[in-house]
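Participant: First the structure, then my questions, so here it is.
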Amino acid sequence: MHRYTIPLGRILGIPIGLDYSWFLIFGLITWTMAVGYYPAEFKDWPVLQYWLIGAATAVMLFVSVLLHELGHSVVAMRYQVRKFPVRSGQRQRSPRR
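All residue numbers for the sequence shown refer to our numbering, where the first residue is 29 and numbers rise by one.
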């Protein structure tokens with residue numbers, strides 16, 4: 029794992045890690061949704077609900093990215109292509125290089 033990555037474990041033998049930049053991105057997505065989008069669309073919600081749903085939106089986005097990247101890794105394992113650890117916040121390298 030990269031030295032700026034928090035190891036979270038393994039899924040199907042694939043190392044899963046969280047880059048420190050994830051916390052900044054998580055905060056920005058949560059803030060954008062809680063201050064901008066949800067108040068404009070749902071005017072009668074309490075303020076706390078905007079923040080909780082904004083955080084849930086950010087988590088769901090990152091879970092969907094994780095599942096997408098795991099899909100790449102599973103296909104790479106199936107076809108015996110060199111695989112790389114799944115990390116958020118880091119530019120991925122192509123396995124064909």
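Glycine is no exception: its CB is placed at the ideal position from the N, C-alpha and C atoms.
Tell me, please, which residues DSSP counts as bridged to Ile39.
Facilitator: In the DSSP output, where bridge partners are listed per residue, Ile39 has Ile42.
Participant: Starting from Ala84, follow the alpha helix (DSSP H) in both directions and report where the run begins and ends.
Facilitator: Segment Val75 to Arg106, the alpha helix (DSSP H) holding Ala84.
Participant: Starting from Tyr66 and walking both ways along the alpha helix (DSSP H), at which residues does that stretch end?
Facilitator: Tyr66 -> alpha helix (DSSP H) spans Tyr66 to Glu69.
Participant: How about Tyr32 and Tyr48: do their beta carbons lie closer than 7 Å?
Facilitator: Yes; because the gap between Cβ atoms is below 7 Å, this pair is in contact.
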